[in-house]
Structures are given as C-alpha cells and as structure tokens.
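This report refers to the structure that appears directly beneath it.
Numbering (the numbering used here), first residue to last: 276 to 651.
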C-alpha cells in the first residue's frame, strides 16, 4: 500500500507585479554566484516594516516571558495594503532560550458551513500541491464556523538580518495577494464574517502607526544583546544553492552527495529519502512516498490525514499529489524564503532542523496512512 520513493515534485509560486515572490520552477542555476547582503539602509518602504519586526523579535529574544506579539498590518506600516477578503497579522514569538519565529496568519472572512468538508479539503489540497506559500487549511473558529486560514511560518534558528526580514515580508505580501485572489474567485458567494483577531492569553496585540526606520532602529538598539544567538544578526550572507548545501553536509559527514541534473540534492535522513531544491528564492526540503490506491481517482481518505499534518506549528505542509504516470504520492514539505541568503551558521542549523522535522513528520504521516489514525 505504501512505499517510499525518490520522485520529486517541485511546487510553484505565482508572480506578483509589485512584490518579490518565488520564481516558477527552474533547475538550480549552477552558474549563480554568491552575493553578499549586508544589513543597513534598504531603498524600499518595506525596510521600515522589516526593522519593526527586528525590534519586536529582539525584545522577545532578550527577555524570557513566553509572550507572543501580534502585529496587525498597521503596526508594520501596511495599513494601506488591500488584501480583499483576508485579514493578515504576524505573530512574533521567541525568548532568550528559543529561536525567533514569525508566524504569518491570513484569515479568510468567508464562512464555509454549507460546504462538504471533503470538498473543501480537495480545493485546499490543490492549492498546497501547486503553490509554495502560504499553506492553507480549514479549521473551526470559536463559534464553530468552518473557516480557511493561510499560514507562513519562518523560524530563525540562528538570528536574522534586516535584509532577510525585508525579503521575507515582500514574499509574504506577494503570497497573501495571490491567496486572496484565489479565495475570492472560488468562494465569492459564501457568507462573510469578520474572523477572530484577538491574541491568545499572554499575547500582546499591536495595531498602531508605522514608526519609520529611524525611530524603530532606536527602539531596537536597547534590545540587541551581544551573545544572543536568536536576535539581530549583523553579518554577511551568501546565496543559498543546492551545491552549497551539499558541501555543508559533506563538511560534517565527509561524503559529498551529488546534485542531480534537475537541480535536486537527494539524501537519506533515517528511513525516508529527503529531496532538497532551491527554486528562485524558495528553499524546499521534502519527502515523498507512493500510496497504492484501489481507485486512483478517489484519494479522498488521504485528505483528512494530510490536513492533520498541515496544521503543525512548524509551517510544513502535506499534500496528495497525482504523478504524471497516474500513480498517487503523498508529499511532506517545508518551504522557506531564502532570497536574501544565509550565513554559514544559519544554513547549517536550518538544514539540520528542517531535515529532521520533515523526516520525522513523513514517518508519522506514513504510520497514519498504514495503520490508520484515530482522534484522541
């Protein structure tokens, strides 16, 4: 019924004319040279917004309160951003002992109570199978309405630069714009209801005016602490490529794994094979397995399982994918925006953490498919 394989399916991200978004799939460009990105002044209005994320994160990673800061669009200077039916916020969490995480949450104001749950999951699986970001899933809100949520989670395992956050925010805006257009077209006639936007207990919600670069930098300075591994990073970053990742693994294992002609680095991490690719500005770490179905046209029983594995905090996504030969695979993937590059230390820790997460979750998903999953 179930077998691990080496098939690789690279996901796509639509373009937006005004924002930087991941490119459509192309093999990794081996001629691409490393570029140096240095924190500092950035010639774009979004730079101020990125600096405010630095300030919020620096404060959280210096003190150990366990609080989560909810930054609504006006709090990071995006009060004029028109996302149609989406309400977007960035939940910033972290502490002196935990890496900083930016959890971008996009709430659709449509209510899908009248839709068959499996039909909703089919629509969302199609999105997750085609696009890298955001991952989307259905959920029940506090009033037990069926809603849709888009989410992009970025964990900064070894600090972050202003340039990295600036690129991240641009990518987020492009992805949110695409999702808004898609949901509006698909569910334009469903009832509308303002989604829940109240922070959880011990959280702090901010929706004030943009402070601007200078004022925010001044505010952030008091929080930047030497020796804090999770805070603001003032260092050069180099382009992320599969060749660079292969060399990073080789420096630790003593064995260099070749990058395939299609630009994919394939390694074994425990039982499952791991596929690593860089397409445009998106780093994808994934694992796949073929599922033998009695009726390939009806993989419906898999959708509740992939839904469950697409709602974890890490931001990874599980999809049911129809291969070109007619077979069916499940794919578990974590996509990360790396257009502003990474330091060597960032790359090493990020790849180790990401490969471990994808491998563990893929094995858990495989177990659920093989043995069945029962709600506790």
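For each residue, glycine too, the CB sits at the ideal point set by N, CA and C.
- Three or more beta-carbon pairs separated by less than 8 Å are not found between the stretch 561-576 and the stretch 370-385, which leaves the two stretches without contact.
- Counting C-beta atoms within 10 angstroms of its own C-beta, residue 396 has 16 or more neighbours from the protein chains shown and is therefore classed as buried.
- Residue pairing for residue 459: DSSP places it in no beta bridge.
- DSSP places residue 631 inside the alpha helix (DSSP H), whose first and last residues are 619-646.
- Nearest C-alpha to residue 432 among 376, 405 and 570: 376.
- Our two residues, residue 620 and residue 421, have alpha carbons roughly 42 Å apart in a direct line.
- Residue 520 and residue 622 have their C-alpha atoms some 8 Å from each other.
- One thing to note: residue 614 has its Cβ within 8 Å of the Cβ of residue 442.
- About 6 Å separates the CB atoms of residue 595 and residue 578; that is less than 8 Å, so the two are in contact.
- In this structure, DSSP gives residue 544 a state outside helix and strand, which the three-state scheme calls coil.
- The alpha-carbon separation between residue 643 and residue 392 amounts to approximately 20 Å.
- In this structure, DSSP gives residue 378 an extended state, which the three-state scheme calls strand.
- Distance between residue 402 and residue 523, taken at the CA atoms: about 32 Å.
- Under the Cβ criterion (8 Å, minimum of three pairs), the stretch 356-373 does not count as touching the stretch 400-418.
- Pairing residue 635 with residue 511, the inter-Cα distance amounts to about 32 Å.
- CA-to-CA, the gap between residue 617 and residue 555 works out to about 15 Å.
- Of the residues assessed, residue 450 falls on the buried side of the cut-off, its CB having 16 or more other CB atoms within 10 angstroms.
- Each residue's CA atom was taken as its position, placing residue 602 and residue 380 some 33 Å apart.
- Note: residue 551 is bridge-paired with 540 and 560 in the DSSP secondary-structure output.
- DSSP, reduced to helix, strand and coil, places residue 591 outside both helices and strands of the structure shown, so it counts as coil.
- 459 is the residue among 430, 418, 440 and 459 whose C-alpha sits nearest the C-alpha of residue 357.
- Rounded to whole angstroms, residue 543 and residue 560 show a C-alpha spacing of 12 Å.
- The Cβ atoms of residue 575 and residue 552 lie no closer than 8 Å to each other.
- Contact check for residue 437 against residue 378 fails: the beta carbons are separated by 8 Å or more.
- For residue 368, the pairing in a beta bridge is given by DSSP as 343 and 376.
- Residue 425 and residue 411 do touch by the CB rule: their CB atoms are close to 5 Å apart, below 8 Å.
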